[in-house]
Structures are given as C-alpha cells and as structure tokens.
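**Student:** Take this structure first; my questions come after.
Residue numbers (my numbering): 584 to 650.
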C-alpha cells in the first residue's frame, strides 16, 4: 500500500510538471537541481530572475512575426 501511494504521488508530480510546461510556466526546481549539478561554483538566479529570463527567452524572439 505504501508503494502505491508513493507511485501515485510521483505520478502526480510528473503530471503537474507536464501541465506547467504545456502552459509555459518554467520549472524553477528543475533549474536549481541542474544548476547545482553542473555549475556549483556560480550563484543560482533568484526565482524572480529565473522567471524574467524564461519569459524573455519565450517572448523576445521575433522569428515569424511581422512586427
């Protein structure tokens, strides 16, 4: 029974992460894990900095736009 609860909780986390990515909400937790694993010597961005950077990356591209 404990394994089933753990598996359902994990499935819920995956579903939540997938839905957030589908609507464009960046995953700060994944960023922090990646940053710590690959760049431990550099400070990580705050959530606000991370969110602004992701928004800029998503919306600043002029490719395929007329204006």
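Just so it is clear, CB atoms sit at the ideal spot from N, CA and C, and this is done for glycine as well.
For clarity, every value in this text was computed on a predicted model and none was experimentally measured.
Just verifying my parser: in three-state terms, what is the DSSP assignment at residue 610?
**Tutor:** Counting from one through the chain shown, the residue named residue 610 turns up at place 27. In the structure shown, residue 610 sits in coil (DSSP, three-state: anything other than H, G, I, E or B).
**Student:** Are residue 563 and residue 600 closer than 8 Å when you measure CB to CB?
**Tutor:** Look at the range of the chain in this structure, 584 to 650, and you will see that residue 563 is not part of it.
**Student:** Hey, residue 614 and residue 634 are a contact pair by Cβ (cut 8 Å); roughly how many whole angstroms apart?
**Tutor:** Indexing the chain shown from 1 puts residue 614 at position 31. Indexing the chain shown from 1 puts residue 634 at position 51. Actually they are not in contact, since the Cβ atoms of residue 614 and residue 634 sit about 10 Å apart, beyond 8 Å.
**Student:** Alpha carbon to alpha carbon, how far is residue 628 from residue 608?
**Tutor:** Residue mapping note: residue 628 aligns to position 45 of the chain shown, counting from 1. Residue mapping note: residue 608 aligns to position 25 of the chain shown, counting from 1. Distance between the alpha carbons of residue 628 and residue 608 is about 16 Å.
**Student:** Work out the CA separation of residue 593 and residue 603 for me, nearest whole Å.
**Tutor:** Position 20 of the chain shown, counted from the start, is the residue given in the question as residue 603. Position 10 of the chain shown, counted from the start, is the residue given in the question as residue 593. C-alpha separation (whole angstroms): 15 Å.
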